Amino acid sequence: MERELHPLDIISQQIGSAPLKQWLECSDRVAVISHMNADGDAVGSLLSWYHLLQHRPQLLLPNGCPPNFGWMPAADKIVNGDADRARCEKALAEADTIVCVDFNTLSRIDFLAPALSASKGRKVLLDHHNDVQTDAFDIVVSLPHLSSACELVYWTMRLLWGEDAIDRDTARCLYTGICTDTGSFSYSSEQPSVYEAAAALVGHDIDAAGIHNHINDTFSESRLRFYGFVLSHRLRVFPESRFAYIYVTLEDQRRFGITPADMEGLVSYTMVMKQISVGALVREESARIRVSLRSKHDVDVNRIAHTYFNGGGHTKASGGHTTVSLQETLELLESVFIHC
Ligand code: 5GP
Ligand code: MN
547 MERELHPLDI ISQQIGSAPL KQWLECSDRV AVISHMNADG DAVGSLLSWY HLLQHRPQLL
607 LPNGCPPNFG WMPAADKIVN GDADRARCEK ALAEADTIVC VDFNTLSRID FLAPALSASK
667 GRKVLLDHHN DVQTDAFDIV VSLPHLSSAC ELVYWTMRLL WGEDAIDRDT ARCLYTGICT
727 DTGSFSYSSE QPSVYEAAAA LVGHDIDAAG IHNHINDTFS ESRLRFYGFV LSHRLRVFPE
787 SRFAYIYVTL EDQRRFGITP ADMEGLVSYT MVMKQISVGA LVREESARIR VSLRSKHDVD
847 VNRIAHTYFN GGGHTKASGG HTTVSLQETL ELLESVFIHC
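Numbered per this note's numbering, the sequence shown spans residues 547 to 886.
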């Protein structure tokens, strides 16, 4: 990967002359929002603003904070759109400034997109995905080569407030998102800046080992047995195509009492095989089929998610969905990765 300009320089250029620091600091009507089915990066980049800003912002997630991130400081302050849609819409309507973290298109906030669009508040995007819907935001800070939204938020805070403004809770949130979006520094971590950011965050006495435990050592017995089951019965491997996928039916999920959050990370098991370059997880939901794609080498799964699965993401980690049956989705996946 090419070495880029330092994030501090790029962020400074992208913010330009906008008085972003003032907008965020001087108002008690700031809302921060991230995407549906939040992951550690979404939750971390959202919560970090609660800790940094003295007028505490409203924190919004379309379908709330997944239980496995409930331990993060101030996770209980997040308003769940599914449970309290009116409160989320009111917060968006009344905000002077809306900070949008870890998503690139309004479709990622689902039913809250109209309220965001309609709001008179300034919309500031801080994101690391490709293909930003630029006309939806007033300021776009987009660095797709960065590891995570949390890294981007870290550098933004560093630029505008300096290292001393980042307290332990802010640092814990940001470090968590960097870890979850890089598989603990095993991918999306080619740029030196991610280690610089991590080193600075660890310097805030964050108990990094404890955070890794919170992220990784969280399985229930049934979740572990479910993983054993799908690896035995729901894994298909195509060595000649260097491709493998796992599929999960609704019945499988019911049988083991599994939630979508329990399948976070499952796709990466396809990638641990030496001969595999591209892996997928296909999981049945009640109204659609979710697809997660991962790539180790030069296959651009963002393009494939965009072309075939109504989605997107990053070159090496993307997601999307279909509205056809599970069987048809598997056939489509095989036709894309095997028969072409
Ligand atoms: P996952 O496979 O873990 O759900 O998602 C992997 C990456 O792809 C994440 O960075 C996520 O933000 C992105 N992603 C997942 N689903 C979608 C989608 O439906 N649309 C877009 N644009 N990106 C997605
Ligand atoms: Mn992210």
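Where is the CB? At the ideal position from N, CA and C, for every residue including glycine. Bear in mind the structure is a predicted one, so any value in this text is a computation, not a measurement.
query                                                                                                                  : result
GLY723 Cβ short of 8 angstroms to the ligand MN heavy atom set                                                         : yes
ALA833: CB within 8 angstroms of a non-hydrogen atom of the ligand MN                                                  : no
DSSP state of LEU551 mapped onto helix, strand, coil                                                                   : coil
One or two residues paired with HIS867 in a DSSP bridge                                                                : ARG836
Heavy atom of the ligand 5GP within 8 angstroms of VAL678 beta-carbon                                                  : no
Delimiting residues of the beta strand (DSSP E) encompassing ASP673                                                    : 668-673
Beta-bridge partners of GLU830, as assigned by DSSP                                                                    : ILE835
THR868 versus ARG769 - alpha carbon distance                                                                           : 25 angstroms
Sequence-distant residues of the same chain with beta carbon closer than 6 angstroms to ILE624, five excluded per side : LEU605, LEU607 and CYS611
Beta-carbon spacing of SER694, ASP587 below 9 angstroms                                                                : yes
Inside the stretch 611-636 only - beta strand (DSSP E) runs reaching at least 3 residues                               : 624-626
Residues that ARG714 bridges to, as DSSP identifies them                                                               : Answer by DSSP bridge pairing: none, since ARG714 is not bridged.
Proximity to ILE724 [Cα-Cα], best of GLU697, HIS779 and ARG829                                                         : GLU697
Three-state secondary structure assigned by DSSP to SER814                                                             : helix
ARG631 versus ALA661 - alpha carbon distance                                                                           : 10 angstroms
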